[in-house]
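Enquirer: Top line first, the protein sequences correspond to chains A and B.
Note that numbering that gives the first Met the number 0 numbers the first sequence so that position 86 is 85, with each residue one more than the last.
Note that numbering that gives the first Met the number 0 numbers the second sequence so that position 603 is 602, with each residue one more than the last.
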Amino acid sequence: MKSPYKILEVTEQASDSDIKQAYLQKVKLNPPDRDHEKFQQIHSAYETIKNATSREKYALFNYPEADFDALLDQAFIASQPILLSADHFDKLLHASIDDNTFLIDYPKKTRT
Amino acid sequence: MKKKTISTPKSSVSDISVLENQALSKLNSGQYKDAIDLYKALLKQANNAEWRHALAQCYLQRALAFAAKGMVKEALVLWENYAQNAEPPHEAFDHYISWLLQTNDMAKVKTCLGQLSAQQLDEQYPELAGLLGLLIITGKISCLELLPKDSVFMAHLVIVQEALSAFRNNKLEDIEPTLKKLPFRSAFRDFRTLMKATLLVHESVEQAQALIAKIPAASPYRQAGALLNAITHDGAALVNDLFQLTPPRIKIIEAIKNYNKKQIELLDVLIKQQNRLSDKLKFNLAIQYQTLLGADLVQPYCLAALSTYSAGQRDFIKHFGAINDFEEWRLKALKCERDGDFYDAEYYWKQGISVLKTRGAEGAFKIALIMRHIATHQKSPEEVITWLIDSLYADPDDRESYVKILQYYERQEQETDAYKEWLDKSIKKFPIDIEILSLAIKASVRNKAFKKATQYTQALLKIDPVNTFAKQVLFTSHLAHARKLIKSKNFHLVEKEIQQAEKITLGKRYQAQAQLMRGFFVFVGEDKKQGEQLITEALQKTNDGVFNAQFCVIMEALLLNVPIAPLLKIVPPLATDYLLSQQEIVRLTQQIQQYADDDSANQTYLHKALEKVKAIIKQSLKQITSEETLLTLCQCLDRINHFELLRVCVKIALSQWDKPIWKYYRVYSEANGNPTKCSDINSYRLQESLKIAQEQKDQRATALIGKFLDEYYKSRKSSVFNIFDSLFGGNDDDEDDDPIDELFGHLPDDLFDQLERKTVEITKKTPPERMLKLLAADYFSNNVNKMFDLINDDPEAFFAFLMLKAADDLGIDIGVTSEMIVKCFKGQKATSTPKPFPFF
């Protein structure tokens, strides 16, 4: 599960006003009538870290989750957007076909 | 397995007809294998075109069925059998070519492609055209010279090659206009989508992904789309994608993503494990690839991972240093809480608090938060309040804690000094807090401290000028004070009090009530005639009917401690057969509630007043048809404990509505509101009603019945215990006498076990005599004899000291000292007297 800091995209050192600003910005992009669940998530994140006391409470009583995926996100993050060349495109097309049978190997169902 | 044969009768016209029917039946029921045998037999008799056509259809259907199962080679043979028996044009020719491509039979592929017409390629075989397009542009097959030159396919292929050429020559602006030339129905439609998505990856990953999602699942470009989609992903999502791919494809993506050696190395490890990563492996990978995974993330990750991989502790300390004391207790407490073990969690929190006590103001604030957190997990309200009160010593500014403490005391039946003390403290701390002021007002009214109530109400109205509650309280307070002044004959102050009540803007009814009070004041203290006049006018204004006017006069006479009869003369008399309308009953209920709100001591006066009019009420209730009216009256009568009228209401209600709430009120009123007086049969009835109330989601009835039954069970339980106590002389507290339990009972189970293991370890290493000396040196200033005496009296004392030593050796503060052990065992000796045998 994402931390409230990640949901609001603020650092752990952010001030009350920074957090409020980030919250309002997020609510503007995700109003409750568009995606209520997302809005609830944003609102709940804000309530969790909105002031020094709530942040202290979060730091004290939030059980640190061993989120290995968060580490992988850090390890395999793109520093800049990829610019695909014609060569890359050719390689992708070639790789999609099995050489021996010309059988298109349709992708397996991926984990959600 | 022996091949199943179908018997073929000798040729005669009737036999052939039977055989033909059998074959047709098999064909129609989808049993193509049997149908093939029968048609073959028939064709031996005569070369019938219809039979041959049927035979061909059987071969075709079997070919398609095999292909669907992935048995392409078998499908090819069967399709060829079909072609031998069917006239051209042949069905599923495109499938046949696809199967040939899959078996890499290029000679036959080329022959077949040479037979394709433009119409077939462009209109009849879109799937084959799509596949051929991909194979041609990737150079997997070379067959351009075989395809019909006049086909749209060929024209579109030229466009595609133009687009590819523009891409290769980095003329990106030419690609879009070129691709636009491809119509929607083109064999290269999905190629166009894929290429557009490829060009968009750099600008907008989301848009590229949206385009990729448009490529149909059966499209030959779907796999290329999946590869491109993986490229748009990063982090865990990408790793998840790679789990589904073959090594060569993974290599291509790694190259496109431009991963470094370390990243590729980590990916290899992850992919080899195929998403079956153990906690140990994840922990070790986190430590091994610290630089890549981010040192700031790895440390908290490893710390959290220790809860499921405790063996990693040594590595953790090696890489990140020792975990600080508080953090260790905090994690243990949180782990217990996660497992629902709040008892042990509390122990660890307390240890954490001990550490924080050395950390000044920052520590104090954390202590307060922890105490409030512990309070939330307490079962009894008393424990909650104790924790909250303690928390305020560490952080005295938490408003929520003050409010919770006040609310707790407010709910108590008897007002305590503690409540007054906390109210004073809270008001001093938060003088303009609406909630705290409201609580203070309620308490003052309850204590008839009208001056204080007025003072708090005025303060509240300054902050919230439209607060109706405050206005009502202030109004009631003025009238109650006016009554008090009339009773004490301080008539000169009454008018001022009434005028202050009149100044409060609450509505006409309140104005009339103030005037009514003036009438009573004038009647009692000044001029009876003028008083009568004022009372009559005020009662007319309230317009509640004669009955309610009489009830009001009776109540006021009782409250003012003046004779009722002279006042009653002012109101018109009631006929003996007078019946209250529904509206009058509603108003009567409101009056009772209002008097009950004013002052809890009014209950006696209310009972007296109702006594005088109850005959009319009882008669009137019989005609009530509104359940809500009756229920509100019942709640009101319950509040003032008037069970006689409550029983009448219930009887009338149950004859009309068979509902759990009414069954509850029947039992409740029969027991006069006292669960201990409830009979067993009534308790069973209530259990049934509770079930029904829960099924009907009647929360009000569920709560009332649940509370009543709880109290009933408690009373039964205590009476059962009392019987046993009297039988066995009250010796049921033997368990509490166990000194080990008394000394170490507060420790969590796992800590107790840890210490016990350590005692075994210590005693194995050291012989008993030496151990005694060691313990005496540590805890008895080397006085071995004293130590020996204690152990001689109770050998368990030795175990207690061993536990203490174990804790000291491990550096754990368990809150037990040698003095406590001595005291506990000596006290034990002093109180241990021979216990009497039961019944003697």
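Just so it is clear, CB atoms sit at the ideal spot from N, CA and C, and this is done for glycine as well.
#1: Starting from the C-beta of L484(B), find all residues in its chain whose C-beta is less than 6 Å away, skip the five residues before and the five after it, and write them out in chain order.
#2: Determine the chain B residues that contact A44(A) at a beta-carbon separation under 8 Å, and present them in chain order.
#3: Report all residues from its chain with a CB closer than 6 Å to the CB of Y664(B); omit the five preceding and five following residues, and keep chain order.
#4: Hey, could you find the ends of the alpha helix (DSSP H) Q273(B) is sitting in?
#5: Would you call L726(B) buried or exposed, if buried means 16 or more other Cβ atoms sit within 10 Å of its Cβ?
#6: So, is the C-beta of P3(A) closer than 8 Å to a C-beta in chain B?
#7: Run the CB neighbour count on K94(B), radius 10 Å, all protein chains shown included, and call it buried at 16 or more, exposed below.
#8: Which bits of chain B does E8(A) rub up against, with CB to CB less than 9 Å?
#9: Whole angstroms are fine: how far does the CA of L130(B) sit from the CA of I136(B)?
#10: Unbroken alpha helix (DSSP H) runs of length 4 or more, entirely within the segment 379-435 of chain B: which are they?
#11: Report yes if the CB atom of V821(B) is closer than 8 Å to the CB atom of L789(B), and no otherwise.
#12: With distance defined between alpha-carbon atoms, name the residue in N259(B), K470(B), N784(B) and Q406(B) nearest to A77(A).
#13: My understanding is that L133(B) touches Y220(B), with C-beta atoms under 8 Å, so please give their C-beta distance in whole angstroms.
#14: May I ask you to list, following chain order, the residues of the segment 44-63 of chain A that have a beta carbon less than 7 Å from some beta carbon of chain B?
#15: Could you please give the first and the last residue of the uninterrupted alpha helix (DSSP H) stretch that includes D841(B)?
#16: Span of the alpha helix (DSSP H) holding N782(B)?
#17: Please report the residue range of the alpha helix (DSSP H) in which S84(A) lies.
#18: Mind checking which residues open and close the alpha helix (DSSP H) that includes K250(B)?
#19: Do you know offhand how far Q39(A)'s Cα is from Q119(B)'s?
#20: How long is the line joining the alpha carbons of G711(B) and Y667(B), rounded to whole angstroms?
#21: With 16 as the cutoff for other CB atoms within 10 Å, does D36(B) come out buried or exposed?
#22: I366(B) by DSSP, collapsed to three states: which one?
#23: 8 Å is my cut-off, CB to CB: does L422(B) come that close to chain A?
#24: Going by beta carbon distance, what residues of the same chain come within less than 6 Å of P3(A), once the five residues before and after it are set aside?
#25: Scan the segment 28-64 of chain B and note each continuous alpha helix (DSSP H) run of 4 residues or more that stays entirely inside, going in chain order.
#26: Below 8 Å on the Cβ atoms is my contact criterion, and I expect K56(A) with L368(B) to pass it. Report the Cβ-Cβ distance as a whole number of Å.
#27: Report the rounded CA-to-CA distance for D389(B) versus Y346(B), giving the unit in angstroms.
#28: Counting only runs that start and end within the segment 84-143 of chain B, where is the alpha helix (DSSP H) found for 4 or more residues in a row?
#29: Judging by CA-CA distance, which residue of S400(B), L460(B), Q289(B) and A285(B) is the nearest neighbour of Y308(B)?
#30: What is the residue span of the alpha helix (DSSP H) that S625(B) lies within?
#31: For the candidate residues T758(B), K607(B) and L100(B), whose alpha-carbon lies nearest to that of P804(B)?
#32: Can you give the beta carbon distance from L91(A) to L227(B), rounded, assuming they're within the 8 Å contact cut?
#33: Can you check which of these residues, Q602(B), Q593(B) and G518(B), is closest to L566(B) by C-alpha distance?
#34: Can you tell me whether T603(B) is buried or exposed, with buried defined as 16 or more other CB within 10 angstroms of its CB?
#35: Which one of T631(B), C635(B) and L579(B) has the shortest CA to CA distance from H606(B)?
#36: Going along chain B in order, which residues have a C-beta closer than 9 Å to the C-beta of Q20(A)?
Expert: Looking at the coordinates:
#1: Counting from 1 along the second sequence, the entry for residue 484(B) is found at position 485. Excluding sequence neighbours, L484(B) sits near L492 and V493.
#2: Along the first sequence, one-based indexing puts residue 44(A) at 45. Correct list: empty, because the minimum Cβ distance to chain B is about 18 Å.
#3: Mapped onto the second sequence, residue 664(B) falls at position 665. C633 and V649.
#4: Counting from one through the second sequence, the residue named residue 273(B) turns up at place 274. Per DSSP, Q273(B) belongs to no alpha helix (DSSP H) and is neither H nor E.
#5: The residue you call residue 726(B) lines up with position 727 of the second sequence. Low confidence applies here, because L726(B) scores a pLDDT of 45, under 50, leaving its location unreliable; read the following figure in that light. Counting Cβ neighbours within 10 Å, L726(B) comes out exposed, since fewer than 16 surround it.
#6: Numbered from 1 along the first sequence, position 4 holds the residue referred to as residue 3(A). Answer no: the Cβ-Cβ gap between P3(A) and chain B never drops below 8 Å.
#7: Residue mapping note: residue 94(B) aligns to position 95 of the second sequence, counting from 1. The question names Lys, but residue 94(B) in the sequence shown is His. So H94(B) ends up on the buried side.
#8: Numbered from 1 along the first sequence, position 9 holds the residue referred to as residue 8(A). Those do not exist, as E8(A) stays about 16 Å from chain B at its closest Cβ, beyond 9 Å.
#9: Your numbering for residue 136(B) matches position 137 in the second sequence. Your numbering for residue 130(B) matches position 131 in the second sequence. Going from the Cα of I136(B) to the Cα of L130(B) covers about 10 Å.
#10: 380-393, 398-410 and 416-428
#11: Here residue 821(B) corresponds to residue number 822 of the second sequence, with the count starting at 1. Here residue 789(B) corresponds to residue number 790 of the second sequence, with the count starting at 1. Yes. Within cutoff.
#12: Here residue 77(A) refers to the residue found at position 78 of the first sequence. Measuring from the Cα of A77(A), the nearest candidate turns out to be N259(B).
#13: Position 134 of the second sequence, counting from 1, holds the residue named residue 133(B). Position 221 of the second sequence, counting from 1, holds the residue named residue 220(B). Yes, they are in contact, since the Cβ atoms of L133(B) and Y220(B) sit about 7 Å apart, within 8 Å.
#14: E55, K56, L59, F60, Y62 and P63
#15: Shown here, chain B extends from 0 to 839; a query on residue 841(B) therefore has no answer.
#16: By one-based count along the second sequence, residue 782(B) stands at place 783. N782(B) -> no alpha helix (DSSP H), and no H or E assigned at all.
#17: To locate residue 84(A), count along the first sequence from 1; it is residue 85. Counting along the chain, S84(A) falls outside any alpha helix (DSSP H), and DSSP gives it neither H nor E.
#18: Along the second sequence, read from residue 1 onward, the residue named residue 250(B) stands at position 251. Segment P246 to K256, the alpha helix (DSSP H) holding K250(B).
#19: As a first step, residue 39(A) must be located in the first sequence, where it is residue number 40. As a first step, residue 119(B) must be located in the second sequence, where it is residue number 120. Roughly 55 Å between the two C-alpha positions.
#20: Here residue 711(B) refers to the residue found at position 712 when the second sequence is read from its first residue. Here residue 667(B) refers to the residue found at position 668 when the second sequence is read from its first residue. According to the sequence shown, residue 711(B) is Tyr rather than Gly. One C-alpha to the other measures close to 11 Å.
#21: For the purposes of this step, residue 36(B) is taken as residue 37 along the second sequence, with counting starting at 1. Its Cβ being crowded by 16 or more others within 10 Å, D36(B) is buried.
#22: Walking along the second sequence from the start, residue 366(B) turns up at place 367. Note: I366(B) maps to helix in three-state DSSP.
#23: Numbered from 1 along the second sequence, position 423 holds the residue referred to as residue 422(B). Closer than 8 Å: no.
#24: Along the first sequence, read from residue 1 onward, the residue named residue 3(A) stands at position 4. A44, T47 and I48.
#25: 31-44
#26: As a working note, residue 56(A) is residue 57 in the first sequence. As a working note, residue 368(B) is residue 369 in the second sequence. With 8 Å as the limit, K56(A) and L368(B) qualify as a contact, their Cβ atoms being about 6 Å apart.
#27: What you label residue 389(B) is simply residue 390 of the second sequence in a count that begins at 1. What you label residue 346(B) is simply residue 347 of the second sequence in a count that begins at 1. If I take the Cα positions, the gap works out to 16 Å.
#28: 92-101, 105-114 and 125-136
#29: In the second sequence, residue 308(B) corresponds to position 309, counting from 1. With distances taken between Cα atoms, Y308(B) lies closest to A285(B).
#30: The residue you call residue 625(B) lines up with position 626 of the second sequence. No alpha helix (DSSP H) contains S625(B), which DSSP labels as neither H nor E.
#31: Within the second sequence, the letter at position 805 stands for residue 804(B). In the sequence on display, residue 804(B) carries Lys and not Pro. For the residues T758(B), K607(B) and L100(B), the minimum Cα distance to K804(B) belongs to T758(B).
#32: Residue mapping note: residue 91(A) aligns to position 92 of the first sequence, counting from 1. Residue mapping note: residue 227(B) aligns to position 228 of the second sequence, counting from 1. With a Cβ gap of about 6 Å, L91(A) and L227(B) count as contacting.
#33: Position 567 of the second sequence, counting from 1, holds the residue named residue 566(B). The shortest C-alpha separation from L566(B) is found at G518(B).
#34: What you label residue 603(B) is simply residue 604 of the second sequence in a count that begins at 1. T603(B) comes out exposed.
#35: The count along the second sequence starts at 1 and reaches residue 606(B) at position 607. With distances taken between Cα atoms, H606(B) lies closest to C635(B).
#36: In the first sequence, counting from the first residue as 1, residue 20(A) sits at position 21. By Cβ distance, chain B contributes nothing, its closest Cβ being about 24 Å from Q20(A), past 9 Å.
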